[in-house]
Amino acid sequence: MMTPRVERLKRQQAAAKPTFSVERARLVTEAYEKYGAEPNILLKAKALEHILKNMTIFILDGELIVGNHTDKQRCAPVYPEFAAKWIIDQIEEFTTRNVDKMYITKEEQDELVAVLKKWEGKSFDQATAGVCPPETLAGEAAGAFTVGARDCCTGHILADYPRLFDGGLNRAIAECQENIRKTAITCREDQEKVDFWNACIIAAKAAIQFAGRYADLAEEKAKAEDDPRRKEELLEIAKNCRNIPANGPVTFFEAVQYCWFVQLIVSIEDNGHGNSFGPFDRYTNKYYVEDLKAGRITEERALEILECFFIKLTDIIKLRDAFYSEAFAGYPVWQNLVIGGMDSDGTDACNEVTRLVLKANADVQTSQPAVSLRYHDGMAQDVFDMGVSMIQKGLSTPAFFNDKLVVPIMLSKGASIPEARYWGIYGCVQPCVAGYSDGRPQVGYVNFLKCLELAMHDGVDPLTGRQIGPKTGKFTDFKTMEEFTEAVYDQLRYCYHLMLTGYTAVTSMHAVRQNMPFSSIMVSNCIEKGRSLQQGGAKYNESGCLGTGLGNTADAMAAIKKFVFDEKVISKQELLDVLTNNFEGSEPLRQLLLNKAPKYGNDIDSVDRMAADIVKCAREHLENYRDSRGGKYVLDIESQSLNIVQGKCIGATPDGRYAYTPLADNCSPVMGRDVNGPTATVLSVAKLDQINTNDGALFNLRFDPRTIAGAKGRQVIGSVIKTYFDHFGEHIQINVVSDETLKAAQKHPEDYRDLLVRVAGYLAYFTELDKEVQDNIIARTAHDC
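With numbering that gives the first Met the number 0, the residue at position 493 of the sequence shown is 492, and numbering never jumps.
The following block contains the structure:
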């Protein structure tokens, strides 16, 4: 049960309409005007210092965790150094668009436009506009893939909290000062290292001073406070902010506040997303246990602190353009908090905070953070049961991850065994060695089904008539399924090539123009190397490439094999004709394709193998490339709600899908086609051989709540999860909600404001989603037992 304080804070936040703020845009513009002649890394440090020193701060009544993202609640900062023009172009549409509305007054709008106009021709998105080859831009325009990071930073920071807790930012400052003292500058590289260390010192001191501003404010409010209990709380908040992040935390309260300050400042520094927490329970548990023993805290108080923390995390939102607001519906920023799993010695790592996080997650039910529970065979049964019970209740949290697969993936990436067992998630499902990695899972999304469509038309986009892919042969000329399959793979390889060519050029510019000193302090090895994250300062560097529409593509290939090549009941030209006409006048043939061909998601080896082979082809091709830091490109099967957007650029397809309709989400089967029960579905998805999806594979499953009630229902859910993990699936997230409830929420959103659903690797309030996204969630198969 939430305390009255938490209920009040949650209501207050829920009442705040999503908006965006002018303040950061104004402050960063002032900083660039003042420090523009500095080397980029020093410019970035001084810009952050200027923002943190001058931005509006406040402490809401009753808050325990303090620190605001902008000058308002649930408000996105604006980053004109990354993007300005598209904001000016779309600013009139933010309050009227169908997806992720953002509200702003006319006065704020006018002020923001005036600030943004100063960045004309100077912002990062415009600087990168010319680095992508024309063929890359043409492929992207056709919907074959996207190219990420052109108007945002790479983000996805998992701070090394054990190191940060050991001495705080003062320790980082001392390390940088010592490195400067010992460095004799004899070349450009030496000077660049010294500049980097000086930038880290500036950024760290700015963060300490920022916390000090909250200490001052809390003390001022305490002087005016009549309630003795609240006065004591404010003085404790002030004490916390005086100590951290300058020094290491002493109490659990301080440890949580430290995590929030880090998350907050990383988000203010740049507009990347996916900044997450790694194994939160491991590095905070000792403070909680020691506090309990010393009588400094109770479980109830610790829960209240965590729930206040979760509400704060939900305050962080991001301004996106029209395309990405639809592709990433529900205001996500992918803040992932991992608990459970194996400890460094292979024993169970579940502890008191593991259980505390699950209780807080169940109580407060916020859309952030995404809580992820790491499973292994030796896991504490009560923790697993808690997670399953939360799913059964329809909370859509936690997500479950599999140590049995992820630890070997970490080892394959070069991690030691202790490092491999200390993995966290950045973004939705992307595993990394927490605190030592700069993974960038936003390279872009290759549309597998579009690749198949291109293969059927000799590389020509049938919607526009443009040559998008290579000439791989006319569909009518293929003699065997193997020939056609190779054509699909050639189109897929080419799309990845174009996407990576663009992304590598873009992120090379990050290393020159968008270095982030504070974020670099957070990840180990950057200070040691004297290099920012953007220049390869982390120990482990990789970039994640995504694939979408896998279920449709496998189903389409299975239908072509069965009816065109094997049974020859449909000619190649006939199939091309009915697809061109969107099945008009050919409904019996569409039903044949839809209902008589094998479908991925039903434990049918032939079609499941096709899906696995597509994944293998993509992963093997990525091994031929390196990113701008020399890191590997890795594969993730994931779509967010891009499956809806990318479906709009594909005509009718051989799986029986109508033109322009959504694709399957993530690595899940096509909605409504997995009809042999949940066990068959998880066995199909597990056959993807997910060691090849070495940056993750996001899997959605939905149950009808009426069929999984009581102890038997919990047993069914637990059995499905364990079966999937025994067959080496990486991740599974489960919605337990009926069609009736979801449809009622569409009709009467005011009665369902707290209804959370899993969209992709994040939770969103169902009533805040666009109707197309809502319909797509409703269309997912609601399994029964």
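Even for Gly, the Cβ is constructed at its ideal location relative to N, Cα and C.
How should residue i be labelled, buried or exposed, when 16 other C-beta atoms within 10 angstroms of its C-beta is the threshold for buried?
{"i": "Met-389", "result": "buried"}
{"i": "Asn-551", "result": "buried"}
{"i": "Gly-438", "result": "buried"}
{"i": "Pro-132", "result": "exposed"}
{"i": "Gly-468", "result": "buried"}
{"i": "Glu-753", "result": "Before going further, note that residue 753 is Asp rather than Glu in the sequence given. Classification of Asp-753: exposed, given that the 10 Å Cβ count is below 16."}
{"i": "Pro-227", "result": "exposed"}
{"i": "Asn-693", "result": "buried"}
{"i": "Ser-570", "result": "exposed"}
{"i": "Val-98", "result": "buried"}
{"i": "Tyr-723", "result": "buried"}
{"i": "Ile-424", "result": "buried"}
{"i": "Glu-306", "result": "buried"}
{"i": "Ile-559", "result": "buried"}
{"i": "Ile-184", "result": "exposed"}
May I ask you to report which of helix, strand or coil DSSP gives residue i?
{"i": "His-747", "result": "coil"}
{"i": "Met-341", "result": "strand"}
{"i": "Val-735", "result": "strand"}
{"i": "Ser-638", "result": "coil"}
{"i": "Trp-333", "result": "coil"}
{"i": "Tyr-632", "result": "strand"}
{"i": "Trp-259", "result": "helix"}
{"i": "Arg-373", "result": "strand"}
{"i": "Lys-473", "result": "strand"}
{"i": "Trp-196", "result": "helix"}
{"i": "His-782", "result": "strand"}
{"i": "Asp-554", "result": "helix"}
{"i": "Val-432", "result": "strand"}
{"i": "Gly-536", "result": "coil"}
{"i": "Val-669", "result": "coil"}
Hey, would you say residue i sits closer than 8 Å to residue j, going by beta carbons?
{"i": "Pro-76", "j": "His-68", "result": "yes"}
{"i": "Arg-281", "j": "Ala-348", "result": "yes"}
{"i": "Glu-224", "j": "Leu-233", "result": "yes"}
{"i": "Asp-554", "j": "Lys-598", "result": "yes"}
{"i": "Thr-506", "j": "Thr-153", "result": "yes"}
{"i": "Pro-244", "j": "Gly-166", "result": "no"}
{"i": "Gly-147", "j": "Val-442", "result": "yes"}
{"i": "Asn-691", "j": "Asp-664", "result": "no"}
{"i": "Lys-473", "j": "Asp-457", "result": "yes"}
{"i": "Gly-277", "j": "Trp-333", "result": "no"}
{"i": "Ile-201", "j": "Glu-37", "result": "no"}
{"i": "Ala-254", "j": "Thr-283", "result": "yes"}
{"i": "Leu-448", "j": "Gln-367", "result": "no"}
{"i": "Gln-380", "j": "Ile-716", "result": "no"}
{"i": "Cys-151", "j": "Ile-520", "result": "no"}
{"i": "Met-515", "j": "Asp-269", "result": "yes"}
{"i": "Ala-710", "j": "Asp-738", "result": "no"}
{"i": "Tyr-374", "j": "Asn-350", "result": "no"}
{"i": "Gly-61", "j": "Arg-149", "result": "no"}
{"i": "Leu-578", "j": "Thr-475", "result": "no"}
{"i": "Asp-290", "j": "Phe-322", "result": "no"}
{"i": "Ala-486", "j": "Ala-454", "result": "yes"}
{"i": "Ser-531", "j": "Ile-90", "result": "no"}
{"i": "Tyr-330", "j": "Pro-17", "result": "yes"}
Based on Cα-Cα distance, which residue from the options lies nearest to residue i?
{"i": "Met-1", "options": "Ala-617, Lys-358, Pro-397, Val-674", "result": "Lys-358"}
{"i": "Leu-51", "options": "Gly-138, Tyr-34, Lys-204", "result": "Lys-204"}
{"i": "Gly-386", "options": "Ala-781, Ile-636, Val-758, Gln-732", "result": "Gln-732"}
{"i": "Thr-484", "options": "Thr-471, His-496, Glu-771, His-509", "result": "Thr-471"}
{"i": "Arg-25", "options": "Ile-207, Gly-630, Leu-111, Ala-611", "result": "Leu-111"}
{"i": "Thr-95", "options": "Asn-775, Asp-769, Leu-593", "result": "Asp-769"}
{"i": "Pro-161", "options": "Tyr-286, Ile-40, Ile-267, Val-130", "result": "Tyr-286"}
{"i": "Val-21", "options": "Ala-14, Ile-40, Val-114", "result": "Val-114"}
{"i": "Pro-668", "options": "Ile-416, Val-193, Leu-687, His-375", "result": "Leu-687"}
{"i": "Lys-238", "options": "Ala-141, Leu-63, Asp-88", "result": "Leu-63"}
{"i": "Ala-398", "options": "Tyr-31, Thr-28, Asn-734", "result": "Asn-734"}
{"i": "Ala-13", "options": "Asp-314, Arg-212, Leu-291", "result": "Asp-314"}
{"i": "Cys-258", "options": "Ile-304, Ile-86, Gly-294", "result": "Ile-304"}
{"i": "Ala-137", "options": "Leu-497, Ser-627, Gly-630, Lys-746", "result": "Leu-497"}
Cβ of residue i less than 8 Å from any chain D Cβ?
{"i": "Tyr-257", "result": "No chain D is part of this structure, which consists of one protein chain only."}
Practice prompt. Scan the region 42-116 and note each continuous alpha helix (DSSP H) run of 4 residues or more that stays entirely inside, going in chain order.
Written response: 84-89, 105-116
Discussion item. My parser needs the alpha helix (DSSP H) runs of 4 or more residues fully inside the region 564-631; what are they?
Written reply: 571-579, 586-595, 604-621
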